[in-house]
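Student:
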Amino acid sequence: MKVSDLGVTNVDNQTIQYCFPDNNLSCTKSIRPEVEYIAVYIFVSVTSVFTVFLNLLVIISISHFKQLHTPTNVLILSLAVADLIAGLILMPVQGMKLIEPCWYFGEMFCSIFPLILYVVVTASLGNLVIISVDRFIAVNDPLQYPLKVNNNRVVVSIVVNWLFSFVYSFYLLYEYLINPERNHTCIGECVLSVKLENLILDSFVCLVAPCSVIASLYAKICFVANYQAKHLNAVTDKKARSEKKAARTLGIVVGVYLLCWAPYYLVTLSIGHDENDSLIINIMYWILCLNSCMNPLIYAMFYRWFRLSAKYILTLKVFEPSSEYFNLFPEEK
């Protein structure tokens, strides 16, 4: 073994570097080819910026244009906020952990970061459950929908969802949060350890239960929408088709999200969550975070209003007088 003045060690012909060369208690890391660092950092940077940009478009669109101030879009706004946080914080950090085993963000952020991660992904899933309920009521009982669902009730449900996500995540990570350094063996390490029973609880609360609710609701939505398409008159049928399209689009959002969630729980339950910066666990986290840039792309594919609002924002027409009253549904003129 040879140690250089730069904190680089050669062990069995493998180059190893200390995270903090000036500290004898520092963790070590293997030095990868420079091209790997460049490729990963470019990919992570581009994806994170893209995610932030797209979700800002969603947030500005729904916040600015009066036509978009509907209960369903308020729920989409809440989901976009969670996706924005993922793009700003979660994706850059998890992306860096794919290639960089050392933790350079300090002990404080080491203890806070897992809480942010759990709160954001739990709140996102809660938003999807509420969206499923909203679409079910809209399709199943369209005449009573305006009476049962309004912006005030939706805002209350969103606040409750975020509060629950925080309390639940804090409970799940409590032992880690009160002593985040207990699993650290050297300086420059940030290891999240979750008990198996908490993982099982989390898999039920955040996977089995919501998946069951969402799947059953969308099955009923499809049944009711097909029935309405066959039996209602032309005027009512137009409204039913519109609701069915909205349900289908948000169903795709839900489906993509669950496809990103399932691998994480399958892996963590099979190998545990004493991750020690496991590459597999970090990849699963990254897949979770990557979902945050996919939702706006789905909106762009299926929602004309999003494409129009994005055009107005990017061409700076939102700064024109009364731009909040622009018509985003020209076919309804």
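Residue 76 in numbering that gives the first Met the number 0 sits at position 77 of the sequence shown, and the numbers go up by one each step. Glycine included, each C-beta is placed from N, C-alpha and C at the ideal position. No experiment lies behind these values; they were computed from the predicted model shown.
1. Given this structure, state the Cα-to-Cα distance separating residue 153 from residue 133, to the nearest angstrom.
2. For residue 300, count the other beta carbons within 10 Å of its own beta carbon; 16 or more makes it buried, fewer makes it exposed. Which is it?
3. Just the C-alpha distance for residue 28 and residue 265, rounded to the nearest angstrom, thanks.
4. What does a CB cutoff of less than 8 Å around residue 169 pick up in its chain, not counting 5 residues either side in sequence?
5. Taking the straight line between their C-alpha atoms, what separation do you get for residue 288 and residue 105?
6. What are the boundary residues of the alpha helix (DSSP H) that residue 184 is part of?
7. Going along the chain, which residues of its own chain have a beta-carbon closer than 7 Å to the beta-carbon of residue 83, five neighbours each way excluded?
8. Straight-line CA distance for residue 159 to residue 118?
9. Can you tell me where the alpha helix (DSSP H) with residue 62 in it begins and where it stops?
10. I'd like the list of long-range same chain contacts for residue 318, defined as Cβ closer than 7 Å, with 5 residues on each side in sequence excluded.
11. Checking 8 Å against the spacing of the C-beta atoms, do residue 91 and residue 47 come in under that value?
12. Drop a sphere of 10 angstroms on the beta-carbon of residue 409, count the other beta-carbons inside from all chains shown, and report buried for 16 or more, exposed for fewer.
13. What did DSSP end up calling residue 27 once you bin it into helix, strand or coil?
14. By how many angstroms is the C-alpha of residue 49 removed from the C-alpha of residue 23?
15. For residue 173, count the other beta carbons within 10 Å of its own beta carbon; 16 or more makes it buried, fewer makes it exposed. Which is it?
16. How many angstroms separate the CA atom of residue 89 from the CA atom of residue 295?
17. Among 183, 97 and 39, which residue has its Cα nearest to the Cα of residue 283?
18. Is DSSP giving residue 103 helix, strand or coil here?
19. Roughly how many angstroms lie between the CA atoms of residue 120 and residue 86, to the nearest whole one?
20. Verify whether the separation of the beta carbon atoms of residue 78 and residue 123 is less than 8 Å.
21. Could you tell me the alpha carbon to alpha carbon distance between residue 258 and residue 298, rounded to whole angstroms?
22. Looking at residue 324: is its Cβ nearer than 8 Å to the Cβ of residue 147?
23. Distance, Cα to Cα, residue 316 vs residue 322?
24. Please state the DSSP three-state secondary structure of residue 217.
25. Where does residue 302 fall in DSSP's three states?
26. If you count every other CB in all the chains shown that lies within 10 Å of the CB of residue 208, and 16 or more means buried, which is it?
27. Quick one: give me the first and last residue of the alpha helix (DSSP H) that residue 205 is part of.
28. Rounded to whole angstroms, what is the Cα-Cα separation between residue 260 and residue 320?
29. Just the C-alpha distance for residue 214 and residue 110, rounded to the nearest angstrom, thanks.
Tutor: In short, the structure shows the following:
1. 9 Å
2. exposed
3. For the pair residue 28 and residue 265, the Cα-to-Cα distance works out to about 28 Å.
4. If we look at residue 169 and ignore the five residues flanking it on each side, its Cβ neighbours are 114 and 176.
5. Straight-line Cα distance between these residues: approximately 22 Å.
6. Here residue 184 belongs to no alpha helix (DSSP H), and DSSP marks it neither H nor E.
7. 51, 54, 55 and 58
8. 13 Å
9. Annotation: the continuous alpha helix (DSSP H) that includes residue 62 extends over 33–63.
10. none
11. yes
12. With the chain running from 0 to 332 in the structure shown, residue 409 is simply not present.
13. strand
14. 40 Å
15. That one is exposed.
16. 17 Å
17. Checking every option, the nearest Cα to that of residue 283 belongs to 97.
18. Residue 103 falls in the coil class under three-state DSSP.
19. 12 Å
20. yes
21. 18 Å
22. no
23. 7 Å
24. helix
25. coil
26. It is exposed - the Cβ of residue 208 has fewer than 16 other Cβ atoms within 10 Å.
27. It is not in any alpha helix (DSSP H) - residue 205 carries neither H nor E in the DSSP assignment.
28. Looking at the two C-alpha atoms, the distance is approximately 43 Å.
29. 35 Å
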